[in-house]
Amino acid sequence: MAEQPNTSLRSPCSMPSLLCFLQGINIVGPSNAETAPPANPGMYQLDITLKRGHNLAIRDRGGTSDPYVKFKIAGKEVFRSKTINKNLNPVWDERVSLLVDSLREPLYVKVFDYDFGLQDDFMGSAYLYLESLEHQRTLDVTLDLEDPQYPEHNLGTLELAVTLSPKEGDFREATMLLKRSCKRSSKQQHSSMRLSDVHRKAQLWRGIVSISLIEAHDLQPMDANGFSDPYVKFRLGHQKYKSKTIPKTLNPQWREQFDFHLYEEQGGFIDITVWDKDAGKKDDFMGRCSIDLSPLSKEHTHKLDLPLEEGEGMLVLLVTLTGAAAVSISDLSVNILDDPHERHQILQRYSVLRSFHNLKDVGVVQVKVIRSEGLMAADVTGKSDPFCVVELSNDRLQTHTVYKNLNPEWNKVFTFNVKDIHSVLEVTVYDEDRDRSADFLGKVAIPLLNIQNGERKAYALKSKELTGPTKGVIFLEIDVIFNAVKAGLMTLIPKEQKYIEDEPRVSKQLLLQNFNRVRRCILFLINAGCYINSCFEWDSTQRSIFSFLVFVLVVWNFELYMIPLVLLLPLAWNYILISSGKDTRQDVVSDLLEDEDEDYDKDDKDPERKGFINKLYAIQDVCISVQNALDEVASYGERIKNTFNWTVPFLSWLAIVALCVATVLIYYIPLRYIVLAWGVNKFSKKLRDPYTIDNNELLDFLSRVPSDVQVVGVISFLSLSPSPTHSPLIACWPPPL
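Residue 1 is where the sequence shown starts when you use full-length UniProt numbering, and the numbers rise one by one after that.
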């Protein structure tokens, strides 16, 4: 160990200062304030092998930790290791190659303890100063981990193997890129473009890992009933998925598929954990396993039977590795769809003649991110450091950062493979912050089917929820080419799941909004029922006569093909309305926006409504309405069940008689005549007796059947009765056998 260089050898500044940051890999042009450049100015390749850790800090209650390591350069994360579970002396043996263009910025190494569902715990950090490394020689380095707030604490060490090599060829190539970009960008802007060109490959995935979660066998029972409610979580780097929950089983079958992006050519590890769902409390851990992707061959499906560690049972998975999809980042001057030859090839690739070739390859979308104007100032200097993130389903790419600018120009072209034509393209602008997560500046969401090819448009940025505007606009030009037959066929398969996002929080506004949405749907059904009932009530003689004639004609001539034909009528009617300029689709959007505006207005006009008690009352009103609706639905379901399980024998016998009569009538009389007789009776009832009370015989019958709550109440009453043998109700529970 004596011959290993220690990181206690620090550069002249013990901590990276603002000057060091400005002189790091984000700066290209020389400055008069800079010191003499290194002997070999240009690009450098930094090869790092993360070997192991020794005596790391304890962060879990069990006396262990689940450590993983992050590498950062100039505040940007460039590497994250896999997580080693329950180990204070972990062995990673992971390799990473980084491209840097300045040795003044140190490599910042941070260690964290992974806590599932919680914020990860800090376990220590250290700096590796690149200027102190010898070129083209592998050095063994031991990093002493420290906590800046508690420098006296011993947090263990990390062992690395580091090789620093000049990359003159890459430097010349990057210089040419900068010279071309300099023609249309300022010096400050093209200084940040260089970082984008260097690290472009870090964003592009080299393959796709498709995992089919089939089933599990002999899982550990976690509940008092001897079963479990298992679900599975997958994690590959920052990508996370969660399966559905299978209730009350130790041998669940999921039959779900998840796709991961593979960034490392040599593979990686997928961490898998199994959990038991517990309502109202923390879910129980049932076991873990992992998949090493490096030995798996590509373009081949592998069936894996994985035993669970720290638990019982086995998971059955199908894993397929495929090549990378058509995803790319380029400058505005280099894009495929502007080349007539390339565009013709893509059009041929998605022509109707190739509709059944590679069904998952539906199309391609090209997004030109031009510039943004009038952005929000997120820094104390009155400026922002904006960068743009383009997302399509789980595909995510981003531009470089333009520093200290409210009108940035990116001039980047992103190309995505389209797997679902119904996906929504999301473009989000963030402000980069070195020491914390990026600040949100604005967002736009554009459905692929609404895109007008080749049209450069200015989109107003909106809030995170896309419900209101925020400051600034973004200029985009989008082209979509797809195969309509493939798009239609892919519509009939399960939709691609999004990565697991943050757990949603309870929101009064969201709760009220969802309640109003459900209420609107129910009111539509109620209004439709009232309209039909008004035909029976003869509120309008002309309408009732017309409805009666239509009813008789339809019932008399009914055939099964009329069902889809009837469903075509509202589609055709709404199409005619839209074509004539009477578009009613915006009414729903207007209603939602009006509801939100009303909430905001109420909060502005009456500040007391922001109080906890008033919010509680508002939520209570919604909860009472939901509670009553759920009680109504549950009661009718229980009454149907209690009709068949002889809770009230008299009603069950009555049901038997009615069903027998219905069986005989349907057997001897065609259903068409029975429905016709029922309709004639409904239409003529009001004419025969104008003062009759409308009723529904089936609902009236079910109203006599007690729900489970009522059954429990009656039994409790009978058990408290002083002379239950004299009660006429006792003969009803239970029924005589």
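The C-beta atom is built at its ideal place from N, Cα and C for all residues, glycine as well.
- Three-state secondary structure (DSSP) at Y600? Reliability of the predicted coordinates at Y600 is poor, the pLDDT of 45 falling under 50, and the value obtained from them is presented with this limitation in mind. Here DSSP, grouped into helix, strand and coil, assigns Y600 to helix.
- Query: When every heavy atom of the ligand SAH is checked, does at least one fall within less than 7 Å of the C-beta of S290?
  - Reply: As presented, the structure is devoid of all ligands, the ligand SAH included, so that no description of it is given.
- Query: For the beta strand (DSSP E) that contains W92, what are its first and last residues?
  - Reply: For W92, the enclosing beta strand (DSSP E) has its first and last residue at V91 to V100.
- Measure the alpha-carbon distance for K457 versus F482 and round it to whole angstroms. If you take the alpha carbons of K457 and F482, they lie about 21 Å apart.
- Task: Can you grab the Cα-Cα spacing for the pair D694 / W556, in whole Å?
- Result: Whole-angstrom Cα-Cα distance: 26 Å.
- Query: How long is the line joining the alpha carbons of V648 and F551, rounded to whole angstroms?
  - Reply: Each residue's alpha carbon lies about 38 Å from the other.
- Message: In this structure, how does DSSP classify residue 742 when only helix, strand and coil are distinguished?
- Response: With the chain represented from 1 up to 737, any question about residue 742 goes unanswered, as that position is not in the structure.
- Item | Endpoints, alpha helix (DSSP H) assigned at A677 | Counting along the chain, the alpha helix (DSSP H) containing A677 begins and ends at L671 to R688.
- Report yes or no: do three or more beta-carbon pairs, one from the region 54-68 and one from the region 123-130, lie closer than 8 Å? The region 54-68 is in contact with the region 123-130.
- Query: Under a three-way DSSP split, which group does R104 fall into?
  - Reply: When secondary structure is reduced to three states using DSSP, R104 falls in the coil class, being assigned neither helix nor strand.
- Item | Cβ-based burial, Y575 [other Cβ within 10 Å; buried from 16] | Counting Cβ neighbours within 10 Å, Y575 comes out exposed, since fewer than 16 surround it.
- Do you know how far the Cα of G207 is from the Cα of D283? C-alpha separation (whole angstroms): 33 Å.
- Endpoints, beta strand (DSSP E) assigned at Y430: In the DSSP assignment, Y430 falls within the beta strand (DSSP E) that extends over V424 to D431.
- Determine the direct distance from the alpha carbon of E134 to that of G454, and round the result to whole angstroms. The alpha-carbon atoms of G454 and E134 are separated by roughly 51 Å.
- Which term fits F683, buried or exposed, when burial requires 16 or more other beta carbons within 10 angstroms of its beta carbon? Burial call: buried.
- Query: Hey, is the region 419-427 in contact with the region 442-451, meaning 3+ C-beta pairs nearer than 8 Å?
  - Reply: Enough Cβ pairs lie closer than 8 Å, so yes.
- Task: Answer with buried or exposed for D278, where buried requires no fewer than 16 other C-beta atoms within 10 angstroms of its C-beta.
- Result: With fewer than 16 Cβ atoms within 10 Å of its Cβ, D278 is classed as exposed.
- Pairwise C-alpha distance: Y531 and P670: CA-CA distance, P670 to Y531, rounds to 28 Å.
- Query: Are P386 and L397 closer than 8 Å when you measure CB to CB?
  - Reply: Cβ atoms of P386 and L397: not closer than 8 Å.
- Would you check if the distance between the CB atom of I214 and the CB atom of L317 is smaller than 8 Å? The Cβ-Cβ distance between I214 and L317 falls below 8 Å.
- Item | Residues near D708 in its chain [Cβ-Cβ closer than 7 Å; skip 5 each side] | Closer than 7 Å at Cβ, skipping near neighbours: E638.
- Coil, strand or helix - G53 by DSSP: Strand.
- Could you spell out where the alpha helix (DSSP H) holding E697 opens and where it closes? Unbroken alpha helix (DSSP H) run through E697: E697 to R704.
- Message: Under DSSP, the alpha helix (DSSP H) around M286 begins and ends at which residues?
- Response: Secondary structure note for M286: it is in no alpha helix (DSSP H), and the uninterrupted beta strand (DSSP E) holding it is D284 to D292.
- F416 - partner residues in DSSP beta bridges: Listed as beta-bridge partners of F416 by DSSP are V365.
- Task: Counting only the same chain and skipping the five closest in sequence on each side, list residues whose C-beta sits under 7 Å from that of T663.
- Result: If we look at T663 and ignore the five residues flanking it on each side, it has no Cβ neighbours.
- Task: Just the C-alpha distance for S185 and E409, rounded to the nearest angstrom, thanks.
- Result: Because S185 sits at a pLDDT of 36, beneath the cut-off of 50, its placement in the model cannot be relied upon, and the following sentence gives the value as read from the coordinates. Going by C-alpha positions, S185 is about 8 Å away from E409.
- Query: According to DSSP, what are the bridge partners of G443?
  - Reply: The residue asked about is misnamed: residue 443 is Lys in this sequence, not Gly. T428 and K462.
- Taking only the alpha-carbon atoms, compute the straight-line gap between L293 and F269 and give it to the nearest angstrom. Approximately 6 Å between the Cα atoms of the pair.
- Query: Among S393, C388 and L392, which one has its Cα closest to the Cα of T399?
  - Reply: Of the listed residues, the one whose Cα sits closest to T399 is C388.
- When the Cβ atoms of the region 350-367 are set against those of the region 213-229, are three or more pairs found closer than 8 Å? Cβ pair count under 8 Å is below three, so no.
- Item | Where the beta strand (DSSP E) containing K303 begins and where it ends | Segment T301 to P307, the beta strand (DSSP E) holding K303.
- Query: In three-state terms, what does DSSP make of A216?
  - Reply: Secondary structure of A216 (DSSP, three-state): strand.
- Task: Return the CA-CA distance between N681 and S579, expressed in angstroms with no decimal places.
- Result: Going by the C-alpha atoms only, they are around 41 Å apart.
- Could you spell out the range, first to last residue, of the alpha helix (DSSP H) harbouring residue 758? Residue 758 is absent from the structure shown; the chain starts at 1 and stops at 737.
- Message: Rounded to whole angstroms, what is the Cα-Cα separation between S330 and V390?
- Response: Roughly 13 Å separates the two Cα atoms.
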